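Before any comments, here is the structure.
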Amino acid sequence: MEAFGETLFGGIGLFGDPILWVLLIVGTILGVIVGALPGIGATVTYGLVLPFTFLMSPVEAVAFLLAIAVGNQYGNSIPAILIGVPGSPATILTVLEGFQLHKRGETGLALGMAYLGALGGQIVSVFFFIALVIPLAGLAYVFLTPELFALYLLGMACIVSLTGLSIWKGIVAAALGLLVGVIGLDPVTITPRFDFGFRELRNGLDPEPVIIGLLALSELFRQSRQVFQWGEVRGAVSTKFPSVKQIRRVTPSLLLGTVTGTLIGAIPGAGGTTGAMISYQQAKIISKHPEEFGHGSIEGIAANEAAQNAANSGELIPTLGLGIPVSGTTVLLLSALTLHGLVPGPQLATTRPELLNGAVAGLLGATLLLIVTGWWMARWMIKIVAIDRSVVLVLSIALVILGMYTLGGVFAVLVCLIFGVIGYFMIRYGYSVAAAALAAILSAPFERTLRQGLNLMDNSLISFVTRPVTAVILLIAAAVLIFGVAQLRSQRREASASHIPPTQQSS
Amino acid sequence: MGRGKRSHATICASDRAAVGAVGGPGRTEVYPLDRRVDLALAVSVMILGALVLIISLNTSVPPRVIDPLGPRFVPSFLGAVFAVGGGVIAARTLLRRELHGSAEGEPDEVGVPASGSSAMATMGLSVLYMLAIPTVGYIFGTLLFVPAALWLMKVRRMRTIVATSMVYTAATYALFAYVAGVDLPLGPLAELVGVFGLPR
Numbered sequence: 000m001e002a003f004g005e006t007l008f009g010g011i012g013l014f015g016d017p018i019l020w021v022l023l024i025v026g027t028i029l030g031v032i033v034g035a036l037p038g039i040g041a042t043v044t045y046g047l048v049l050p051f052t053f054l055m056s057p058v059e060a061v062a063f064l065l066a067i068a069v070g071n072q073y074g075n076s077i078p079a080i081l082i083g084v085p086g087s088p089a090t091i092l093t094v095l096e097g098f099q100l101h102k103r104g105e106t107g108l109a110l111g112m113a114y115l116g117a118l119g120g121q122i123v124s125v126f127f128f129i130a131l132v133i134p135l136a137g138l139a140y141v142f143l144t145p146e147l148f149a150l151y152l153l154g155m156a157c158i159v160s161l162t163g164l165s166i167w168k169g170i171v172a173a174a175l176g177l178l179v180g181v182i183g184l185d186p187v188t189i190t191p192r193f194d195f196g197f198r199e200l201r202n203g204l205d206p207e208p209v210i211i212g213l214l215a216l217s218e219l220f221r222q223s224r225q226v227f228q229w230g231e232v233r234g235a236v237s238t239k240f241p242s243v244k245q246i247r248r249v250t251p252s253l254l255l256g257t258v259t260g261t262l263i264g265a266i267p268g269a270g271g272t273t274g275a276m277i278s279y280q281q282a283k284i285i286s287k288h289p290e291e292f293g294h295g296s297i298e299g300i301a302a303n304e305a306a307q308n309a310a311n312s313g314e315l316i317p318t319l320g321l322g323i324p325v326s327g328t329t330v331l332l333l334s335a336l337t338l339h340g341l342v343p344g345p346q347l348a349t350t351r352p353e354l355l356n357g358a359v360a361g362l363l364g365a366t367l368l369l370i371v372t373g374w375w376m377a378r379w380m381i382k383i384v385a386i387d388r389s390v391v392l393v394l395s396i397a398l399v400i401l402g403m404y405t406l407g408g409v410f411a412v413l414v415c416l417i418f419g420v421i422g423y424f425m426i427r428y429g430y431s432v433a434a435a436a437l438a439a440i441l442s443a444p445f446e447r448t449l450r451q452g453l454n455l456m457d458n459s460l461i462s463f464v465t466r467p468v469t470a471v472i473l474l475i476a477a478a479v480l481i482f483g484v485a486q487l488r489s490q491r492r493e494a495s496a497s498h499i500p501p502t503q504q505s506s
Numbered sequence: 000m001g002r003g004k005r006s007h008a009t010i011c012a013s014d015r016a017a018v019g020a021v022g023g024p025g026r027t028e029v030y031p032l033d034r035r036v037d038l039a040l041a042v043s044v045m046i047l048g049a050l051v052l053i054i055s056l057n058t059s060v061p062p063r064v065i066d067p068l069g070p071r072f073v074p075s076f077l078g079a080v081f082a083v084g085g086g087v088i089a090a091r092t093l094l095r096r097e098l099h100g101s102a103e104g105e106p107d108e109v110g111v112p113a114s115g116s117s118a119m120a121t122m123g124l125s126v127l128y129m130l131a132i133p134t135v136g137y138i139f140g141t142l143l144f145v146p147a148a149l150w151l152m153k154v155r156r157m158r159t160i161v162a163t164s165m166v167y168t169a170a171t172y173a174l175f176a177y178v179a180g181v182d183l184p185l186g187p188l189a190e191l192v193g194v195f196g197l198p199r
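Residue numbers (numbering that gives the first Met the number 0), protein chains in the order written: chain Y, 0 to 506; chain Z, 0 to 199.
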């Protein structure tokens with residue numbers, strides 16, 4: 000309880016810093032704007048701003064990036080409701096319910112429910128985050144090399160949930176990420192590997208250009224295949240806030256979505272989309288008006304939005320508690336910390352507890368800002384979708400190149416472009432870039448702990464398994480793997496069941 | 000892939016499409032996975048696997064270091080994964096009858112012409128921009144890249160092109176030079192900036 004209070008009030012204590020507020024305001028507004036631009040998600044935005052975080056302290060960087068994530072999740076719901084275009088896959092159910100309400104002229108009700116769901120879910124989930132991350136981070140002291148290896152193996156097992164529809168393509172993508180970590184000096188024998196005599200490769204590739212290339216630049220290249228505008232806001236936009244009766248009606252769904260979103264978000268690989276889908280189904284089960292689902296249900300919007308936003312906090316639990324990123328954005332969050340010389344791992348939160356304070360400040364501060372300005376901003380964001388999409392894409396590419404140039408000169412830009420092009424083909428042909436990025440960040444510590452652990456255990460792999468903590472983590476890894484493969488098979492079955500022969504052509 | 004090539008596409012009435020996914024309600028998605036490119040990528044993965052195996056097996060192993068797995072283990076394992084994985088994907092692609100039709104890849108927006116060559120040109124321009132920064136400087140390089148990329152993305156309003164290029168270049172240079180204190184190369188402008196006594 001003491002640690003809980005320290006983390007919470009440590010985070011709140013940071014609100015006395017005016018620089019932090021500037022970063023929170025910029026981050027939140029930027030997050031809402033990019034959230035309102037369909038296709039430019041939090042991952043791409045993190046890729047754009049990552050080099051700038053070098054100018055901040057690690058705590059400020061964490062708070063700034065999380066403010067973007069909070070703003071982004073809220074901003075996503077605006078185009079979903081107004082033009083029926085989801086800003087991210089997790090917002091699909093908001094389109095289903097919110098766009099129906101907008102077409103019926105109840106835009107204020109839909110936007111209001113998204114506002115309440117998003118911000119309610121976010122604020123409550125912060126407390127769950129603190130309650131869950133502290134005991135997890137406390138385990139760090141029992142971690143020796145075998146336990147660390149098991150932890151990284153768990154991270155590797157989580158990749159299965161990010162592989163996409165083809166498990167083989169997912170495995171190849173993950174292997175590509177692992178290969179990135181192999182470049183440079185061998186962790187045990189200090190033998191150079193895969194450097195081809197280039198001085199720049201001798202110490203290995205920095206993860207930032209690789210990850211930004213794979214996650215952000217590739218997506219921007221993919222989007223440059225088409226020229227179109229995002230859409231127009233049709234019909235009148237009423238901005239009447241929901242009544243107290245309506246708010247009371249959605250409260251159970253909102254709380255259910257918050258708990259589910261936080262817990263599912265904490266499961267590596269599951270993420271906000273899965274949390275939102277499950278919460279939506281649960282809300283339908285407990286609703287007194289299940290017939291409204293699919294036709295403009297306010298409970299559906301509240302549950303979905305709450306779960307998506309709560310997943311922001313949930314994803315941070317393994318990321319900051321164990322140093323295991325669970326999504327594209329958390330991979331980039333850890334990359335931002337490595338820019339400051341911090342080593343991702345289970346010791347991260349115990350050696351640098353102020354990072355947890357930064358996370359609390361970022362999540363709470365951005366939510367408070369949105370509580371005050373979010374309703375007003377939603378009306379403003381209607382105009383954002385009128386921005387020329389081509390201009391946004393071109394400037395985003397230019398900004399990525401500039402960021403990389405400032406980070407590591409022409410070589411960093413070159414690496415970023417190479418992985419951007421590789422990522423483009425990966426996205427187009429179903430090789431998961433998220434799996435590759437996650438593997439790239441886990442690769443070096445995975446190999447190091449495996450080989451150093453074997454040395455420590457007299458070359459006995461059995462000794463790895465018989466250690467209690469290692470055994471538990473390996474069992475969790477096996478469960479994650481089995482669950483992931485089962486989920487993948489089910490997705491494949493659904494995809495082939497819904498497969499319709501080709502009828503349309505695109506040039 | 001290319002603009003000139005007409006490719007069949009598959010409409011996948013998945014849950015995402017049913018609620019509008021990328022295209023909005025009522026729209027469906029196009030999965031334009033070209034089997035030939037899919038096969039070429041799978042073969043490339045196999046070749047990569049062979050190369051990784053060859054390079055890793057030629058990695059020197061220092062004597063007198065206690066290391067049961069050694070520096071070759073992980074890269075050799077990855078090489079084998081690439082070779083086997085590429086082989087399985089290639090075989091699966093060859094066994095698939097239709098030219099297009101897997102829902103594995105990320106779809107294009109339906110109803111809007113998609114051009115692989117446009118994406119390639121954007122990539123090419125990005126490479127030129129990277130080369131231009133250290134040679135002609137950040138300001139000239141950006142003033143060339145942004146208008147060219149906007150033109151490529153079918154922006155034809157001169158006012159938009161000029162204003163976007165000028166404002167973006169000035170804003171980012173000011174941000175880096177004056178706020179962040181980062182030196183961006185100025186190329187031929189370096190002397191001119193020195194004459195006016197501005198920070199470089």
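Ideal placement from N, C-alpha and C gives every residue a C-beta, glycine not left out. Values in this document were obtained by computation on a predicted structure and should not be read as measured data.
List the residues of chain Y whose Cβ lies closer than 7 Å to the Cβ of T141 (chain Z), in chain order. Within 7 Å Cβ-Cβ: A397.
Is D107 (chain Z) helix, strand or coil by DSSP? strand
Which residues in the same chain have their Cβ closer than 6 Å to the Cβ of F127 (chain Y), if we skip the five residues on either side of it in sequence? T261
Between which residues of its own chain and A113 (chain Z) is the CB-CB distance below 6 Å, once the five residues before and five after are set aside? Counting only Cβ-Cβ distances below 6 Å, and skipping sequence neighbours, we find D107.
Under 9 Å from the C-beta of I54 (chain Z): neighbouring residues of chain Y: Under the 9 Å cutoff, chain Y gives R192, F193, F195.
Considering only their Cβ atoms, is the gap separating L354 (chain Y) from L321 (chain Y) smaller than 8 Å? Contact flag unset, no.
Let me know if N303 (chain Y) comes out buried or exposed under the rule of 16 or more other beta-carbons within 10 Å of its beta-carbon. buried
Quick one: Cα of F81 (chain Z) to Cα of V111 (chain Z), how far? 35 Å
Pair within 8 Å by beta-carbon distance, Y73 (chain Y) and A117 (chain Y): yes
Going by other Cβ atoms of all chains shown within 10 Å of its Cβ, with 16 needed for buried, is R492 (chain Y) buried or exposed? Exposed, since its Cβ has fewer than 16 Cβ neighbours within 10 Å.
Can you tell me which of Y:L115, Y:T337, Y:R224 puts its alpha carbon nearest to the alpha carbon of P208 (chain Y)? Y:T337
Please give the ranges of any alpha helix (DSSP H) in the region 188-241 of chain Y, keeping only runs that are unbroken, at least 4 residues long and fully inside the region. 198-201, 206-211, 217-222
Quick one: is D185 (chain Y) near chain Z, going by C-beta distance under 8 Å? yes
Give the residues from the region 133-167 of chain Y that approach chain Z closer than 7 Å (Cβ to any Cβ), ordered along the chain. G163, L164, S165, W167
Straight-line gap, A148 (chain Z) to G407 (chain Y) (C-alpha atoms, nearest Å): 24 Å
Residue closest to G10 (chain Y), alpha-carbon to alpha-carbon, out of Y:F292, Y:Q307, Y:L131, Y:L362: Y:L362
Beta carbon of S217 (chain Y) nearer than 8 Å to that of Y423 (chain Y): yes
Along the region 49-76 of chain Z, where does the CB come closer than 9 Å to a CB of chain Y? Name the residues. V51, I54, S55, T58, S59, V60, P61, V64, I65, D66, P67, L68, G69, P70, R71, F72, V73, P74, F76
Could you give the distance in angstroms between the alpha-carbon of D457 (chain Y) and the alpha-carbon of R466 (chain Y)? The alpha-carbon separation between D457 (chain Y) and R466 (chain Y) amounts to approximately 14 Å.
Does any CB atom of chain Y fall closer than 8 Å to the CB of T134 (chain Z)? No, because no Cβ of chain Y sits closer than 8 Å to the Cβ of T134 (chain Z).
Report buried or exposed for I285 (chain Y), applying the criterion of at least 16 other Cβ atoms within 10 angstroms of its Cβ. exposed
Based on DSSP bridge pairs, tell me the residues matched to G4 (chain Y). None; G4 (chain Y) has no bridge partner.
Determine which residues of the region 105-124 of chain Z have a Cβ less than 8 Å from any Cβ of chain Y, and write them out in chain order. E105, D107, E108, V109, V111, P112, A113, S114, G115, S117, A118, T121, M122
Taking 8 Å as the threshold (beta carbon to beta carbon), is E446 (chain Y) in contact with chain Z? Yes, its Cβ sits closer than 8 Å to a Cβ of chain Z.
Run through DSSP, which three-state label would L188 (chain Z) get? helix
Taking its Cβ as the centre, do 16 or more other Cβ atoms sit within 10 Å of L147 (chain Y), making it buried, or is it exposed? buried
Pairs of beta-carbons, one from the region 63-73 of chain Y and one from the region 244-259 of chain Y, closer than 8 Å: are there three or more? no
Alpha-carbon spacing of A360 (chain Y) relative to F8 (chain Y), whole angstroms: 9 Å
Starting from the Cα of L142 (chain Z), find the closest Cα among Z:V44, Z:V161, Z:M152, Z:S116 and give me that residue. Z:V161
Does any C-beta atom of chain Y lie closer than 8 Å to the C-beta of I88 (chain Z)? yes
Test: I475 (chain Y) CB closer than 8 Å to a CB of chain Z: no
Cβ distance (whole Å) where I39 (chain Y) is taken to contact V33 (chain Y) below 8 Å: 5 Å
Same chain, Cβ closer than 7 Å to L175 (chain Y), five either side skipped, listed in chain order: A435
Chain Z contact residues for D205 (chain Y), given Cβ-Cβ distances below 8 Å: Those do not exist, as D205 (chain Y) stays about 16 Å from chain Z at its closest Cβ, beyond 8 Å.
Work out the CA separation of G154 (chain Y) and I65 (chain Z) for me, nearest whole Å. Their Cα atoms are separated by approximately 27 Å.
What residue does the alpha helix (DSSP H) around Y423 (chain Y) start on, and which one ends it? Where Y423 (chain Y) is concerned, the enclosing alpha helix (DSSP H) stretches over 388-427.
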